[in-house]
Structure formats: C-alpha cells, structure tokens
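Report on the following structure.
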Amino acid sequence: MVAGEGIGYFYRPHFSAMQDTATLAGLNFELSEEQIAVRDAARDFAQNVLKPGVIDRDREQRFPKEEIRQLGELGFLGMMVSPEYGGGGMDTISYVLAMEEISKIDASASVVMSVNNSLVCWGLEQFGNEEQKRKYLVPLAKGEVIGAFCLSEPEAGSDATSQRTTAIDKGDHYLLNGTKNWITNGGTASTYLVMAQTDAAKGHKGINCLIVEKGMPGFVVGPKEDKLGIRGSDTHSLMFQDVKVPKENRIGADGFGFTFAMKTLGGGRIGIASQALGIASGAYELALAYSKERKAFGKAISEHQAIAFKLADMATEIEAARLLCLKAAWLKDQHLNYDQASAMAKVFASEVAMRTTVEAVQVHGGYGYVKEYHVERLMRDAKITQIYEGTSEVQRIVISRGVLKG
Ligand code: CAA
C-alpha cells in the first residue's frame, strides 16, 4: 500500500499543522481500494469475532487472548511495519481506519493493537538496530508475541522526566531497579520497552530505553489492576529488582530514552485518538439504531427533536474527530511533523468519546444503563482515552507550546 494515498492534501511542508488548513491548494478525501479493504476486514473481524464475547470478557476482566492471536494472524498487530520485518507495510491512514472499527466493538482489544503497533513496533523499527529488529521486532510485527511500553511510574505519570527507575551502567550490562505502573499488556507481553534513569545528573538526557524480556531474573509482574473500563485489557505494575539487561538491549545512543519515549508517544497518540473515535462512533451507531426502533408518545424517539438534535451533535463531532485523526495520520505518512496534530486529535477525539457515550446512554434511557446494550461499557471505556498516552492536560501543554511558538 502506498503511504499517503487518500486523504491526500496538497500540502506545503514548511507550513505548520495549524496553518495549513488555511493554505491548502486542494483536498482529496477519497480512500484507496486497499484502505477500504483494510477497514472492511477490521469491521468484519470486530463484528464476527470480537462482538460475541465482549460483554462477558468485560464482566470477567478477561483478556481477549484467542481474539488477539487471530488479530495478529491477520496482520493487525504490526500493520505499519515494513514487510522486511514481518509487518503489513500499510500506511497510518489504514491504521486509523482499522483502529476505529476494532474500537467500536472492543476497546480492550484495540488498546493491545495500538500499543503493539505504535509504541512498541514503531519505536523498534525507527530506532532499533538491525540485530534488535531481527530478534524482537519480527515476532512482534507478526503478532507471535506482544509488547509493552513502560514509562509511567507511581510518581511519574504526566511528569515523565521524573523517572525513579534506575539503569546503572555496569560495563556489559545495565542493572535495572524500580517499579512501573499501569502497564498495558503488563502480564501478557513478552517484550518490554522500559525507560530508566542511568545518570540522574543529566536529567532527561540521562534516561535510556532498554528492551527487557519476560523471564529475566528479578523481573516480577504485579497483580492485574481492577479497572473502570477496558476491563479485558491486561494492566499491571511491574517490579525490577537487580535485573541484568545486556548493553546490546539499549535502544539508540546513551541518553536517548526520553526522546525515544516522546517521539514514540507522538504516533501512539494517533492510535489512542482513533480508539476514542471508534468508541464514539460505536456508541453513536447504537444510539442511532435504537432511536429508530424505540417508540414514545406515538412515534420513534428519533423523530423527537430532543433526540434528533443529540444525534446531529454526535455525528458532527465524530466527523470532526475523524478528520483530525486522519490528518495526523496523513502528516505522519508524509514524514512531516505530527506532534501537534496527534495531540489535537487525541484531546478532541477523547472528549468527543466521553460526550458521545454519555449521550448514547441517555438516548437508550434505562436500557442504556444495563450491560446488554453495550453503551454503558463504551461510556466506561471512553474515560481512559482522556488519561493514557498523555492526559488531556498534557495534550494541551503540547498544543499550546506549539501555538505559542508560532
Ligand atoms: N520529540 C522529541 N523530543 C521531545 C519531544 C518530542 N515530541 N517532546 C519533548 N522533547 C524533548 C524536549 O525537546 C526536551 O529536550 P531538550 O531539553 O533537549 O530541549 C525534552 O524532551 C524535555 O521536554 P520538555 O522540556 O518539554 O519536558 P517537560 O518536563 O516539560 O514535559 C511533557 C513535557 C509533554 C509533559 C511530557 O513529559 C509528556 O508527554 N508527559 C506525558 C507522558 C505520557 O504520555 N505518558 C503516557 C504513558 S505511556 C501509556 O500510557 C501507554 C499505555 O500503556 C497505553
């Protein structure tokens, strides 16, 4: 698939993400045949494979193990990785489309897809050396194993430079000590990208990213978190006690770890924005269908303006969120700066997800409050999109710094 086909703006690279909408020479909103095929394959998988068990998995906090295996087999866990390293070679637009479809049905599955693709595979492909790519990226891209991205700590969430986990240089290896919190895929991953402080005197320039394997002596997976939403996803704290990590497992030059984390999160935020978009559009589609069936005061509730206007607002906001996601994806595919665009997509789409799911429950009335109708789960799932991979407040820091820089 050719990167950048469809949603192709005739774009002048020297303009910022803010300015270009005012200076476009032309727009093309058409998707390529390949992009449509990827979207439709993701939609079929979500409807036929993920939907049947999604309520039970949420109730039981059960990881979608078999479903994720199949998602990997279909190529969705490493969809943007080059075929040379076992991936699908697709563009970021296709990724957004697929993430939306999977997230409409099961956000617990789509977060696995997002973390594996954006935070783990992309980071390894961009910044790993050839040996690291052969050893770790290939099985991750093929979906044979899954990965985790370990930045957050008990006292370092938004303030990500304050890493307390240490990686002391011992010559041929690093000695890793510390605790990571809220790690997606924490129990099920095999490969962990762990940020840790090697030289505190250098601040964020003393942070490294190490590839840690499950089973390395001293690496302990803590209990699974009992969460409000995305309850099927596997979130754990991780403990490292004198874990010896070989020097060859460091990604990039000494001190590159914080830049690695920031650059990787820039793309990760496109994934989570698309997840939020999918949660919103899933809830909207359910509310629309229900409003046409449910009758009150002698007619379908969709014919009451009180409901019709809610649907109009949902549809408008979702379309705006989709365009922001696709624009950030397009910028990434064009190798242009997408940090602000991905932050805008994430903050907007996650807030749309929250508003839309709350309204979708309202449209369903009492039925919306019970599990069978799916919208209460989508409402619970929406909340995390305002928190992980940078809270809405962090996105506004990124956006406002860009705005003020001009
Ligand atoms: N690309 C490259 N470098 C970047 C960068 C980027 N996008 N953003 C910042 N940097 C560099 C800066 O240039 C700076 O380097 P110099 O000092 O050499 O200039 C350095 O990084 C520090 O940057 P700041 O001064 O901007 O740092 P800050 O302390 O003000 O924090 C922040 C900035 C945006 C708030 C950042 O800390 C941040 O993004 N925090 C949120 C962290 C986050 O998203 N965590 C999510 C955890 S992962 C997760 O949730 C995954 C999951 O499981 C689902």
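With this note's numbering as the guide, the letters of the sequence shown map in order to residues 224 to 629. All C-beta atoms, glycine included, are put in the ideal place defined by N, C-alpha and C.
Beta-carbon proximity of residue i to residue j, cut-off 8 Å
i, j, result
"THR388", "GLY401", "yes"
"ARG600", "LYS606", "no"
"LEU509", "ARG545", "no"
"VAL444", "VAL466", "no"
"LEU549", "ILE316", "yes"
"GLN528", "VAL570", "no"
"THR579", "TYR507", "yes"
"GLY441", "SER565", "no"
"MET302", "GLY295", "no"
"ASP433", "ARG492", "Note that residue 433 is Leu in the sequence shown, not Asp. No, Cβ-Cβ distance for LEU433 and ARG492 is not below 8 Å."
"LEU572", "LEU547", "Looking at the sequence shown, residue 572 is not Leu but Ala. It is a contact, given that the beta carbons lie within the stated cut-off."
"LYS314", "ASP556", "For the record, residue 314 in the displayed sequence is Asp; it is not Lys. For ASP314 and ASP556, yes; Cβs fall inside 8 Å."
"SER460", "ILE406", "yes"
Residue range of the beta strand (DSSP E) that includes residue i
i, result
"ASP392", "389-392"
"SER460", "458-469"
"ILE278", "Taken as a continuous stretch (DSSP letters only), ILE278 belongs to no beta strand (DSSP E), being part of the alpha helix (DSSP H) at 277-283."
"LYS447", "442-447"
"GLN270", "Run containing GLN270: none; DSSP gives neither H nor E here."
"ILE430", "430-436"
"LYS403", "396-407"
"ALA371", "370-373"
Status (buried if at least 16 other CB within 10 Å, exposed otherwise) for residue i
i, result
"SER623", "exposed"
"THR244", "Low confidence applies here, because THR244 scores a pLDDT of 46, under 50, leaving its location unreliable and the question unanswered by this model."
"SER385", "exposed"
"ASN408", "buried"
"GLY589", "exposed"
"ILE620", "exposed"
"ASN251", "exposed"
"TYR592", "exposed"
"LEU451", "exposed"
"VAL626", "exposed"
"GLU471", "exposed"
Beta-carbon separation (whole angstroms), residue i vs residue j, contact threshold 8 Å
i, j, result
"ASP457", "PHE268", "That pair is no contact at about 20 Å."
"TYR308", "ALA364", "5 Å"
"ILE495", "ASP604", "That pair is no contact at about 12 Å."
"PHE372", "VAL335", "PHE372 to VAL335, Cβ: 12 Å. No contact."
"THR487", "TRP345", "6 Å"
"ASN431", "ALA419", "6 Å"
"LYS515", "ALA503", "Not quite, the Cβ-Cβ distance comes to about 19 Å (not below 8 Å), so this is no contact."
"GLU616", "SER381", "7 Å"
"SER375", "GLN498", "Going by Cβ atoms, the distance from SER375 to GLN498 rounds to 18 Å, so no, they are not a contact pair."
For residue i, the first and last residue of its enclosing alpha helix (DSSP H)
i, result
"GLN563", "562-587"
"GLY490", "480-516"
"ALA552", "528-556"
"VAL361", "361-364"
"LEU559", "Premise fails: LEU559 is in no alpha helix (DSSP H) and is neither H nor E."
"TYR318", "315-328"
"ILE291", "288-296"
"ALA423", "Where ALA423 is concerned, there is no enclosing alpha helix (DSSP H), given that its DSSP letter is neither H nor E."
"THR450", "The question names Thr, but residue 450 in the sequence shown is Lys. No alpha helix (DSSP H) contains LYS450, which DSSP labels as neither H nor E."
"SER623", "615-628"
Rounded C-alpha distance that separates residue i from residue j
i, j, result
"LYS288", "VAL261", "22 Å"
"ASP536", "SER331", "26 Å"
"GLN609", "ARG517", "32 Å"
"HIS597", "HIS396", "49 Å"
"LEU247", "GLN563", "Reliability of the predicted coordinates at LEU247 is poor, the pLDDT of 48 falling under 50, and the value obtained from them is presented with this limitation in mind. If I take the Cα positions, the gap works out to 18 Å."
"LEU416", "GLY394", "20 Å"
"ALA568", "ASP477", "32 Å"
"ALA531", "GLU612", "34 Å"
"LEU297", "LEU399", "35 Å"
"GLU348", "GLU354", "11 Å"
"SER326", "LYS274", "11 Å"
"THR421", "ALA576", "39 Å"
"GLU324", "GLU367", "22 Å"
"ALA412", "TYR561", "28 Å"
"ALA383", "MET462", "18 Å"
"GLY426", "GLY480", "11 Å"
"GLY351", "ARG357", "10 Å"
"SER255", "ASP392", "49 Å"
"GLN284", "GLY455", "5 Å"
"GLN270", "ALA390", "44 Å"
"PRO306", "VAL361", "9 Å"
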